[in-house]
Each structure stands twice: as C-alpha cells, then as structure tokens.
Amino acid sequence: MAGTELVGNVAWLVFTSLWSNRGKAFSRFNQSLQQAIFQVSRQYADRYVERHGNLKVLGMRQPIPLDTLYISAQFLDDFGSLSFDTVEALEARYRQGGRRSFQPSASQRLDSIQVANEAQFLAVLGGPGSGKSTFLRKVGLEALQRSQPGPESLSFDHECIPVFIELKRFQSPKINLTRLITQEFDTCGFPDAEGFTTTALRQGRLLVLLDGLDEVPPELLTWVLQETQNFVDRHQGNRFIISCRSSVYRHNLRRFTDVTLAEFSPSQIQRFMDCWFADAPQQAEDCWQKLTRSDYQATRELAQTPLLLTLACLLYQKAGQFPTTRTTLYEKALRVLLEEWAGEKGIPQASLYHGLDTKRKELLLAAIAYRSFCQNRLFLSRRELAAQIEQVLADMLPQAEQIDGDTVLKLIESQHGVLVERAEGVYSFSHLAIQEFLTALYVVDNQVDLRSLLHQSLHDSHWHEVFLNIAGLRPANHLLLHIEQQLRQAAQPHVMPPKVWRFLAWANQVTLGTQTTYQPAVKRALALLLALELTRAFGPNRARSQTRVDARHLRQFALALDDRIPLGQALDFTLVRALDLGLMVDLAVDLATKFDQLGIFGSLSLTSLIARLKAFKLKVQQRNPGRFPQRLCRGYIYRLWLQALQLEAHTLNFEGAELTALEHYLGGSYLLVQCRQAAVQVALPIWSEIEQHLLDVTVNMSALDPMNPGMLAPPAAATGAAPADPQLGPAPTPTRPENH
Numbered sequence: 000m001a002g003t004e005l006v007g008n009v010a011w012l013v014f015t016s017l018w019s020n021r022g023k024a025f026s027r028f029n030q031s032l033q034q035a036i037f038q039v040s041r042q043y044a045d046r047y048v049e050r051h052g053n054l055k056v057l058g059m060r061q062p063i064p065l066d067t068l069y070i071s072a073q074f075l076d077d078f079g080s081l082s083f084d085t086v087e088a089l090e091a092r093y094r095q096g097g098r099r100s101f102q103p104s105a106s107q108r109l110d111s112i113q114v115a116n117e118a119q120f121l122a123v124l125g126g127p128g129s130g131k132s133t134f135l136r137k138v139g140l141e142a143l144q145r146s147q148p149g150p151e152s153l154s155f156d157h158e159c160i161p162v163f164i165e166l167k168r169f170q171s172p173k174i175n176l177t178r179l180i181t182q183e184f185d186t187c188g189f190p191d192a193e194g195f196t197t198t199a200l201r202q203g204r205l206l207v208l209l210d211g212l213d214e215v216p217p218e219l220l221t222w223v224l225q226e227t228q229n230f231v232d233r234h235q236g237n238r239f240i241i242s243c244r245s246s247v248y249r250h251n252l253r254r255f256t257d258v259t260l261a262e263f264s265p266s267q268i269q270r271f272m273d274c275w276f277a278d279a280p281q282q283a284e285d286c287w288q289k290l291t292r293s294d295y296q297a298t299r300e301l302a303q304t305p306l307l308l309t310l311a312c313l314l315y316q317k318a319g320q321f322p323t324t325r326t327t328l329y330e331k332a333l334r335v336l337l338e339e340w341a342g343e344k345g346i347p348q349a350s351l352y353h354g355l356d357t358k359r360k361e362l363l364l365a366a367i368a369y370r371s372f373c374q375n376r377l378f379l380s381r382r383e384l385a386a387q388i389e390q391v392l393a394d395m396l397p398q399a400e401q402i403d404g405d406t407v408l409k410l411i412e413s414q415h416g417v418l419v420e421r422a423e424g425v426y427s428f429s430h431l432a433i434q435e436f437l438t439a440l441y442v443v444d445n446q447v448d449l450r451s452l453l454h455q456s457l458h459d460s461h462w463h464e465v466f467l468n469i470a471g472l473r474p475a476n477h478l479l480l481h482i483e484q485q486l487r488q489a490a491q492p493h494v495m496p497p498k499v500w501r502f503l504a505w506a507n508q509v510t511l512g513t514q515t516t517y518q519p520a521v522k523r524a525l526a527l528l529l530a531l532e533l534t535r536a537f538g539p540n541r542a543r544s545q546t547r548v549d550a551r552h553l554r555q556f557a558l559a560l561d562d563r564i565p566l567g568q569a570l571d572f573t574l575v576r577a578l579d580l581g582l583m584v585d586l587a588v589d590l591a592t593k594f595d596q597l598g599i600f601g602s603l604s605l606t607s608l609i610a611r612l613k614a615f616k617l618k619v620q621q622r623n624p625g626r627f628p629q630r631l632c633r634g635y636i637y638r639l640w641l642q643a644l645q646l647e648a649h650t651l652n653f654e655g656a657e658l659t660a661l662e663h664y665l666g667g668s669y670l671l672v673q674c675r676q677a678a679v680q681v682a683l684p685i686w687s688e689i690e691q692h693l694l695d696v697t698v699n700m701s702a703l704d705p706m707n708p709g710m711l712a713p714p715a716a717a718t719g720a721a722p723a724d725p726q727l728g729p730a731p732t733p734t735r736p737e738n739h
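Sequential numbering from 0 applies to the sequence shown in numbering that gives the first Met the number 0.
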C-alpha cells in the first residue's frame with residue numbers, strides 16, 4: 000500500500016481502539032471519520048516525504064530526492080571487537096592489512112535493511128557524514144512505501160507509522176519523547192493527537208527514528224539517555240532506531256543492537272556517481288574513471304564517506320573535473336569537517352577557550368599529524384594526544400590560564416570527527432588522507448627543511464602523499480629541485496650498483512638521435528619499460544618475479560609525461576604463460592610492431608626482429624606444435640628480443656641491493672613527475688631543465704671515458720649470431736640495424 004494507505008489503515012486501527020467506547024455515536028459517523036482520518040494520514044505521509052525525503056547539503060543549489068540518490072548502506076558485524084585493542088595491536092593490524100582504510104577488512108558486511116528488520120531496537124553508529132541520518136530517513140520512507148517496492152526498495156517488513164525525531168530538539172528536561180511524537184501528529188491535523196500517540200505507542204504501531212544522539216547538548220546527554228531508555232522500556236512493543244556518532248556513544252542503551260556503518264565500497268561509490276549524474280551518464284563514467292586512477296588513491300579514500308563523496312561530486316559537477324590540485328579537495332574536506340557540517344546540522348559549536356577558532360584548530364591538528372607521521376605512527380593514546388594538545392595550545396593561547404587537553408580532544412572528536420577513537424582510549428585521524436594533508440600543511444607553515452625531510456623519507460611510500468600535498472600548497476620549485484638532486488646523487492656510478500647504472504645508461508644510449516616528438520625522458524622510460532616487461536613475460540622465473548614493480552612505475556611515469564602514447568594492451572602479459580604458442584609469438588610480433596612504430600630507438604631497428612618472429616611462427620605452424628616446449632620457445636623469443644635491443648640476459652637479473660637501488664631510482668623519478676602534476680605553481684625554466692634529464696644517469700658524466708666498458712659499450716650479444724631456434728636450428732644472421 001502507498002504511504003497514505005499505510006498510515007491511514009494503521010491510524011484507523013488506532014482510532015477504532017481509541018474511540019471504541021463511544022458506541023452508537025462512533026458507528027454513526029464511522030464512514031465520515033474514516034475519510035477524515037485518511038485525509039490527515041495523507042497529509043502526514045506527504046509531510047514526511049517533504050521534510051525527510053530530500054537531500055540538500057554543502058551548499059547544493061536545490062534538493063535532490065533521497066530515493067534517486069540513496070545507495071543501500073551496509074553494517075560491519077564485528078567492528079566493536081577492536082574496542083579493547085592497544086595502540087601497538089591496532090598499528091600492527093593496520094600495517095599488515097596493506098590498506099589505507101582504518102575499518103577492518105576482515106569484518107563481514109551486513110545488509111542494513113535486513114538488520115533493521117531483525118533488530119527491534121537498533122543503534123546505528125558512525126563518523127560524521129557516514130550516512131546515519133540518511134539511513135534513518137530512508138527506512139522511514141520504505142516503511143511508508145513497503146507494498147510498492149521499486150528498483151532500489153529496501154523491503155522494510157513491518158507495518159508501522161514512521162516518526163522521525165531530531166534529538167537536538169532536547170534543549171530542556173521539560174521536553175519528552177511523547178510530547179515530540181504528539182507534535183508530529185498534531186502538526187498534520189490528527190484529531191486527538193495526544194490520545195492517538197498514547198494508543199499507538201501502547202499498541203506498538205510506531206517506528207520511532209531518533210536521529211543524532213550526539214547532537215544533544217552535553218549537559219543533557221546523560222538525562223536524554225535515561226529518558227530514551229525509560230521510554231523504550233515503557234513502549235517496548237514499538238520499533239526503535241537511534242543514530243549516534245561512534246565517539247559519543249558508550250554502548251549504554253541496553254536493549255539496542257549496536258552496528259557500525261561500513262565505508263562505501265568501490266561498487267557503492269560507482270553507483271552513487273551513476274545516480275548523481277543520472278542525466279549525464281558520460282560525466283558519471285568520466286568521474287568514476289578519474290577516481291580509479293592510481294594518482295587518486297587518497298581521493299578514493301575520502302570518497303568512502305558519503306558526505307565527502309557528495310562533496311567530490313559537487314566539485315566535479317561544478318568544474319567538469321576534480322580540482323586540478325588534490326589539496327583543493329582536501330582543504331575543502333577539512334573545512335567541511337571543522338566548520339560547515341556542524342552548521343549544516345544546526346549544531347551549536349562550543350568554544351572552550353577564547354581564540355580557539357577554526358584556523359587554530361587546523362594548526363593544532365597539523366602539529367599532531369606531523370609529529371605522529373615523523374614517528375611513523377597512526378594511532379595515539381588519549382594521554383599522548385591530550386599532552387600534545389596542551390603543549391601546542393600553551394604556545395598558541397598564552398592568555399588561557401589552564402588548558403585541559405582531554406576536554407579539547409573530546410570537543411574535536413564530538414564536533415568535528417577529525418580525530419576518532421578507534422578503541423578504548425586509542426585515537427587516529429578519521430582518514431589517512433586528512434592526516435597526510437595536515438602533515439604537509441605543517442611542513443609548509445613551519446618551513447621544515449625539505450632537504451633533510453627528503454633525505455630521510457624520499458623512498459618511504461608512506462610519505463609520498465605528503466610530498467604531493469606539499470607541492471600543491473606552495474610553489475614547488477624547491478621541492479622538485481631537491482628531489483632531482485637526491486636522484487642525481489643516487490645515480491652516480493660510484494654510488495649506484497654497476498649493473499643498474501649500465502641498464503639505465505643503456506636506455507639513454509639507444510634512444511638518442513630519434514626524430515619522434517616524445518620527450519627524451521619518455522623515450523628512456525619506454526625503453527626501460529620494454530626491457531623489464533619482456534623479462535616479466537618471457538624471461539626466467541627468477542627475473543620475472545623481480546621486475547613487476549619497476550615496470551609499473553615506468554608505465555605510469557611515461558603516461559604521466561605524455562598520455563598520447565598508443566601502447567594500448569601491448570605490454571599486458573598477465574596471461575602470456577597460459578596462452579598457446581602461436582598466440583605467444585603473435586604477442587611478441589605485435590609488441591615489436593608497436594615499438595617500431597613508436598620510433599623511440601635511434602640506433603636500433605626492430606625490422607629484422609619482426610621478420611625473425613614471423614618466420615619462427617611460420618615454422619611452428621608447419622610442424623607439430625607439440626615439438627616446441629613453451630619454456631624453450633619463451634627463452635628463444637626472449638633471446639631474439641635481447642639481441643635486437645643489444646642487451647644481455649644477465650644485465651636484467653637484479654638481486655638484493657641492485658633491485659632496491661633500481662626500485663628507489665624509478666620510484667623517486669615517478670614521484671618527481673607526480674609532484675609536478677600536483678604542483679600549484681612551478682617555474683617553467685626549472686621544470687624544463689629537470690624534465691630534459693629525467694632517467695638520464697649519464698648527465699654531468701661527460702668527463703668519464705666513453706670507452707669505459709662499465710658505461711655504454713654494447714654487450715657482445717649485439718653483434719653475435721642469433722640464438723638457436725629450440726627445434727629448428729640457428730636463426731638467420733642479423734642484418735645491419737637501420738636507423739629511425
């Protein structure tokens with residue numbers, strides 16, 4: 000039945016019971032009374048949809064119907080099991096998980112409406128903007144529309160009238176829940192609203208939705224909790240759902256099942272975007288594709304929170320793209336948490352000390368973030384945090400006589416949700432992206448020595464997002480120059496392992512003299528990428544396992560500098576070992592053709608390689624494929640490629656310190672390019688000079704003897720005979736390379 004019919008039918012049953020003692024008078028006016036009741040019931044259902052069925056937050060120009068945007072929420076089944084973990088246990092659990100999320104990955108996700116159907120008394124917990132209020136409003140809508148399921152229907156199974164109460168209305172002990180519920184019915188013209196409320200509660204006809212326990216004035220919170228518990232005890236036949244921020248709730252509603260809202264999964268984020276851009280599906284697809292890029296990993300983390308996902312969609316909708324610098328989004332997200340969200344919810348913000356405004360709170364949080372990040376810690380005890388707060392505020396607010404760090408911590412936690420209690424007395428920032436941004440903010444505001452910071456943390460992946468944020472907060476000239484200087488020092492022949500240095504120098508040598516429009520750094524990256532991907536696809540098992548991460552860095556590096564590179568799937572060899580022999584040769588031919596067309600090699604030609612590979616495929620087709628073991632054929636193809644590239648197999652077999660040095664150099668070079676992309680401002684001459692010499696270990700090495708065999712001399716395989724065919728004997732003698 001529609002909302003009007005449901006409310007009307009339930010209301011009629013209530014009124015029938017309420018007025019049953021009126022005898023003949025009631026019977027005489029039965030039909031007209033029923034019509035009147037259905038009329039006010041229609042008003043009530045319409046009023047619920049008008050008041051609670053729309054979403055309008057963060058300065059949205061017009062409201063959006065909740066039904067068109069709502070994504071089914073999920074609950075975590077055992078999030079509370081971490082309540083008594085120590086700082087050390089939480090730190091170890093997070094590091095082992097290998098994820099950026101603070102929510103446990105092992106927790107089972109539960110369908111929210113199923114839990115709401117099963118639990119008569121339900122407490123929904125979560126951080127700011129996690130979707131608690133939206134869930135309560137949606138359950139109320141589904142209760143009204145339960146017999147008209149739509150494509151996104153949550154199928155609420157209980158026939159009862161929803162009543163949505165904002166607990167922030169408790170501003171005085173004179174207010175009680177019965178009075179607030181009565182006001183909801185009285186406003187819609189229910190006759191004898193007080194008697195109706197009493198009877199409906201007695202008969203268990205209501206779904207009471209109590210939103211925002213955390214929004215109750217702190218001095219009234221204990222009283223409201225007791226009032227709520229007593230009310231539930233008196234009217235236990237009804238259904239109750241209450242929402243509260245995790246930081247405020249203390250699991251003290253004894254009848255209630257406590258659940259925590261799960262972060263949005265990738266599929267939920269995509270569905271939300273599809274709904275948001277329903278009138279522009281291509282924009283939805285573009286938005287999603289942008290968000291899935293590796294350089295937007297931290298942005299995806301923020302998008303796991305519905306409020307901040309809404310912010311991201313608003314910004315994307317306004318500009319047709321995400322902010323050009325990630326710091327714009329992070330600054331806005333932090334401001335939403337520190338200032339705007341409380342205003343949106345109409346929550347008065349208490350101020351403990353004169354002068355503790357939004358900016359000072361930001362500076363305070365930045366100091367905490369930087370100190371913990373330098374200590375490689377994500378979790379801090381309440382005592383540590385309180386002590387840090389007192390220390391920072393003592394310098395920031397010298398006029399304050401005595402600062403209570405624990406009280407300030409509770410205020411920041413309850414009002415803003417930037418710091419979150421993950422276990423009893425153990426805190427972290429709500430999002431790792433927020434902590435990284437605040438750390439960068441501290442570095443910039445306090446002029447921390449970048450040279451020293453990079454020396455300690457350039458190759459620590461945990462600091463990479465911090466460096467990207469630094470680039471977006473101020474002109475990045477010094478940051479880029481310091482990174483380049485460290486990379487150049489690491490590439491000195493007496494510092495870098497000889498095998499690694501020769502491999503990088505090879506890429507510079509073989510890409511000189513080409514006429515393509517690609518930047519020299521792009522050509523070097525593609526040459527290195529080709530050699531490493533060939534090793535991963537066709538090389539010995541040991542070498543294959545040691546090149547995966549490096550190749551990934553190089554592909555991202557090349558595409559970051561020039562997204563026109565038409566590689567397509569040419570280097571995707573994930574399934575190469577499962578393919579038949581003919582297809583494996585086809586892949587090798589296709590790869591050689593694409594790189595020949597790219598024209599990145601100045602002194603090499605892939606023409607003869609393509610001819611040999613095609614000849615090998617023809618011979619395979621003419622004979623029984625079973626006579627060609629795949630392992631031997633892969634080795635043959637690999638040797639053909641290495642000969643064409645003037646490389647020897649052992650030069651690509653990196654071990655121990657060699658592998659670490661290569662990974663650091665390539666990873667640092669990619670970070671340098673990422674910082675350029677994230678930069679708010681870079682002097683063009685500075686970047687042009689840096690870009691010219693990216694991945695060039697021979698720069699400033701002209702004084703060295705070019706005939707030194709440790710440098711650029713081509714390996715012997717470049718002029719020797721072609722490798723032997725695994726079944727067909729030696730390959731033809733190579734022709735003289737053609738210049739491109």
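Ideal Cβ placement from N, Cα and C applies to all residues, glycine included. Since we're looking at a predicted model, the values are computed, not measured.
Residues near residue i in its chain [Cβ-Cβ closer than 6 Å; skip 5 each side]
i       : result
Glu-420 : Ser-246, Tyr-426
Leu-12  : none
Glu-657 : Pro-496, Lys-498, Val-499
Val-6   : Ser-40, Tyr-43, Ala-44, Ile-160
Whole-number beta carbon distance between residue j and residue i, since they are thought to touch under 8 Å
i       : j       : result
Leu-486 : Tyr-669 : That belief does not hold up - the Cβ atoms of Leu-486 and Tyr-669 are roughly 11 Å apart, past 8 Å.
Leu-314 : Leu-328 : 7 Å
Ala-643 : Leu-603 : 7 Å
Val-9   : Ile-160 : 5 Å
Phe-74  : Ile-112 : Rounded, the Cβ-Cβ distance is 10 Å, inconsistent with contact.
For residue i, three-class secondary structure by DSSP
i       : result
Gly-149 : Interpretation of Gly-149 is limited by its pLDDT of 48, a score under 50 that renders its predicted location unreliable; no figure is taken from the coordinates.
Gln-119 : coil
Phe-769 : Residue 769 falls outside the range modelled here, since the chain spans only 0 to 739, and no answer is possible.
Val-9   : helix
Ser-602 : coil
Leu-457 : coil
Asn-507 : helix
Gln-102 : coil
Asp-110 : strand
Reference residue i, options the options, closest by Cα
i       : options                            : result
Leu-166 : Lys-137, Asp-210, Gln-144          : Asp-210
Pro-539 : Asp-444, Gly-471, Tyr-635          : Tyr-635
Thr-177 : Thr-186, Thr-196, Leu-308, Lys-618 : Thr-196
Glu-389 : Glu-662, Lys-360, Gln-374          : Lys-360
Ile-240 : Ala-393, Arg-233, Gly-319, Leu-205 : Leu-205
Val-101 : Gly-404, Thr-324, Leu-431          : The sequence shown places Phe at residue 101, not Val. Answer by Cα proximity: Leu-431.
Leu-143 : Leu-410, Arg-41, Leu-290, Ile-70   : Arg-41
Leu-641 : Val-672, Glu-158, Glu-657, Leu-605 : Leu-605
Leu-384 : Gly-404, Ala-393, Arg-523, Leu-457 : Gly-404
Gly-128 : His-353, Ala-261, Gln-455, Leu-479 : Ala-261
Leu-157 : Ser-171, Lys-131, Ala-118, Glu-183 : Checking the sequence shown, residue 157 turns out to be His, not Leu. The shortest Cα separation from His-157 among Ser-171, Lys-131, Ala-118, Glu-183 belongs to Ala-118.
Own chain residues within Cβ distance below 8 Å of residue i, not counting five before or after
i       : result
Thr-357 : Arg-334, Leu-337, Glu-338
Backbone CA spacing between residue i and residue j [nearest angstrom]
i       : j       : result
Cys-312 : Met-272 : 7 Å
Glu-435 : Ala-368 : 7 Å
Gln-202 : Lys-331 : 48 Å
Ala-587 : Leu-612 : 7 Å
Phe-255 : Leu-525 : 60 Å
Lys-55  : Phe-428 : 27 Å
Arg-638 : Glu-532 : 14 Å
Val-698 : Ser-687 : 15 Å
Asp-285 : Phe-276 : 10 Å
Gly-667 : Val-696 : 13 Å
Pro-474 : Ala-682 : 8 Å
Gln-620 : Tyr-517 : 38 Å
Thr-758 : Asp-84  : Outside the shown range of the chain, which is 0 to 739, sits residue 758, and nothing can be said about it.
Sequence-distant residues of the same chain with beta carbon closer than 7 Å to residue i, five excluded per side
i       : result
Cys-243 : Ala-122, Leu-124, Leu-212, Asp-213
Arg-168 : Ile-174, Leu-179
Leu-310 : Leu-57, Lys-331, Ala-332, Val-335
Residue i Cβ short of 8 Å to the ligand NAP heavy atom set
i       : result
Ala-559 : Questions concerning the ligand NAP fall outside what the structure shown contains, since it holds no ligand whatsoever.
Within-9 Å CB hit, residue i to chain B
i       : result
Leu-671 : The structure shown has no chain B; it contains just one protein chain.
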